[in-house]
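Written out below as structure tokens is the structure these notes cover.
Number of protein chains: 2
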Amino acid sequence: MKNMQERIERLKEKGIVLTIQRLAVLEFLVENCTHPTVDDIYKSLKEKYPTISQATIYSCLELLRDAGEIQELSIHRDKACFDPNLRMHHHFFCKQCEKIFDVNIECPVSMQGWFDGNKVEEVQAYLYGVCEECRKKEGG
Amino acid sequence: MKNMQERIERLKEKGIVLTIQRLAVLEFLVENCTHPTVDDIYKSLKEKYPTISQATIYSCLELLRDAGEIQELSIHRDKACFDPNLRMHHHFFCKQCEKIFDVNIECPVSMQGWFDGNKVEEVQAYLYGVCEECRKKEGG
DNA sequence: TATTTGTCAAGAATTATTCTAATCTTTTTC
DNA sequence: GAAAAAGATTAGAATAATTCTTGACAAATA
Chain V
4 MKNMQERIER
14 LKEKGIVLTI
24 QRLAVLEFLV
34 ENCTHPTVDD
44 IYKSLKEKYP
54 TISQATIYSC
64 LELLRDAGEI
74 QELSIHRDKA
84 CFDPNLRMHH
94 HFFCKQCEKI
104 FDVNIECPVS
114 MQGWFDGNKV
124 EEVQAYLYGV
134 CEECRKKEGG
Chain D
4 MKNMQERIER
14 LKEKGIVLTI
24 QRLAVLEFLV
34 ENCTHPTVDD
44 IYKSLKEKYP
54 TISQATIYSC
64 LELLRDAGEI
74 QELSIHRDKA
84 CFDPNLRMHH
94 HFFCKQCEKI
104 FDVNIECPVS
114 MQGWFDGNKV
124 EEVQAYLYGV
134 CEECRKKEGG
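First to last, the sequence lines map onto chains V and D. The working numbering numbers the first residue of the first sequence as 4 and each following residue consecutively. The working numbering numbers the first residue of the second sequence as 4 and each following residue consecutively.
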């Protein structure tokens, strides 16, 4: 359950109706911090709610993203994935196992809010490489 | 012409055949540093080379990217765009005019090569916000 | 209860990208 | 230089992620 209660409060304050589907999507993300794709979420929720449609997943994700409750990552260019972690952080993508890890490095770029005269509202940084685990496997 | 000659040398050294189409794609990118999409490139080259096909643009871009001559950006999640600038740099996307600017900020994350035990081979950082020009327009 | 407003489902439509098979070019071999 | 082989290009079909549309449904309001 974690911080679900807080999140629900925040959404209610914003006047967002918390339907079963919306809660299910949010809850799934909070409990599965593996940066799932739309399809991952759809397949999993379909088991519990067999009538749910993909379009609903898309619309719930869009709503939650616009409400600032989740982040949309474009670490792959062919599909979106989502992260319920609201703290400022970046992401590492392993080219071999394709897992995505959170990266908690403080980066000056992200902290500023400004770059020259341009207002920076959001920062996404993606590191691509090979994770420790995969490197170990390779090595032996 | 700029650094085309150097680029051509590098590609030849790698044993890459420099067809008219490949050169045209590379040249277009070098002369249009506006981070064009596949479609931008296709539409523009089609005027000069009416028989060129989209698949050729995709394959040239893939080849040039894999040869390390250009960078592929996933700043939009709905379409790729390309950058011939090989120096380490990041990108700013204006949500209003949708222009993409290069950002020359040195970021520790990018310099390291490592994050915990994970080997970092590439870094892409995207700043999203409103550019100076658009803010000025808004203001008055 | 009747009305209004907002949400959901299902599938069609759209769009970027990849695949395929045929054609054309270039390179190699004789 | 001609023939064969290898590689590149084309055009269009196929695929896959995402968005749109429309009607059905549910909740909130009067």
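From the three backbone atoms N, C-alpha and C, an ideal C-beta is built for every residue, glycine too. Predicted model, so just to flag it, every value in this text is computed and none were measured.
Got a sec, what are the start and stop residues for the alpha helix (DSSP H) V/Q57 sits in? From DSSP, the alpha helix (DSSP H) with V/Q57 extends over Q57 to D69.
With 7 Å as the threshold, decide whether the Cβ of V/K140 is near any Cβ in chain D. Taking 7 Å as the threshold, the shortest C-beta distance from V/K140 to chain D does not fall below it.
May I ask you to list, following chain order, the residues of the stretch 54-87 of chain D that have a beta carbon less than 7 Å from some beta carbon of chain V? For chain V, the residues of the stretch 54-87 of chain D that bring a beta carbon within less than 7 Å of one of its beta carbons are S77, R80 and A83, in chain order.
Do we get a CB-CB distance below 7 Å when we pair D/C145 with the residues of chain V? The displayed coordinates of chain D run from 4 to 143. Any statement about residue 145 of chain D would go beyond what the structure contains.
For the beta strand (DSSP E) that V/A128 lies in, which residues bound it at each end? It spans N121 to V133 - the beta strand (DSSP E) in which V/A128 sits, taken as one unbroken run.
Would a C-beta distance cut-off of 7 Å place D/V41 and D/I23 closer than the cut-off? Result no, Cβ atoms of D/V41 and D/I23 do not sit closer than 7 Å.
Hey, D/Y129 and V/Q99: beta-carbon distance below 7 Å or not? In this structure, V/Q99 does not lie closer than 7 Å to D/Y129 by Cβ.
7 Å CB neighbourhood of V/D105 in its chain, flanking five on each side removed: Closer than 7 Å at Cβ, skipping near neighbours: N88, H92 and H94.
Is there a Cβ of chain V sitting closer than 7 Å to that of D/C36, yes or no? Judged by the 7 Å Cβ criterion, D/C36 is not in contact with chain V.
Note down, in chain order, each residue of its chain lying with its Cβ closer than 8 Å to the Cβ of V/I19, except the 5 sequence neighbours on either side. Taken in chain order, the residues that qualify are R25, L66 and A70.
For V/C84, count neighbouring Cβ atoms within 10 angstroms of its own Cβ and tell me buried if that reaches 16, exposed if not. With 16 or more Cβ atoms within 10 Å of its Cβ, V/C84 is classed as buried.
Is the beta carbon of V/C110 less than 7 Å from the beta carbon of V/C134? One thing to note: V/C110 has its Cβ no nearer than 7 Å to the Cβ of V/C134.
Got a sec, what are the start and stop residues for the alpha helix (DSSP H) V/L89 sits in? Looking at the DSSP string, V/L89 is not in any alpha helix (DSSP H), and its letter there is neither H nor E.
Spatially closest choice to D/H1 from D/D86, D/F118 and D/E124, by CA coordinates: Because chain D spans 4 through 143 in this model, residue 1 of chain D falls outside it and cannot be assessed.
Mind listing the chain D neighbours of V/Y131? Cutoff is C-beta to C-beta under 9 Å, in chain order. Near V/Y131 (Cβ distances below 9 Å), the residues of chain D are V123, E124, E125, V126 and Q127.
Buried or exposed: where does V/A58 fall if 16 or more other Cβ atoms within 10 Å of its Cβ makes it buried? Exposed, since its Cβ has fewer than 16 Cβ neighbours within 10 Å.
Looking at chain D, is there any beta carbon in it that lies within less than 7 Å of the beta carbon of V/E135? So, interface residue.
So V/F95 contacts chain D; which residues on that side make the cut at Cβ distance below 8 Å? Chain D residues near V/F95: F118, N121 and V123.
Unbroken alpha helix (DSSP H) run spanning D/D81, endpoints: Run containing D/D81: none; DSSP gives neither H nor E here.
Determine the DSSP secondary structure at D/I108, reduced to helix, strand or coil. In this structure, D/I108 counts as coil in the three-state DSSP scheme.
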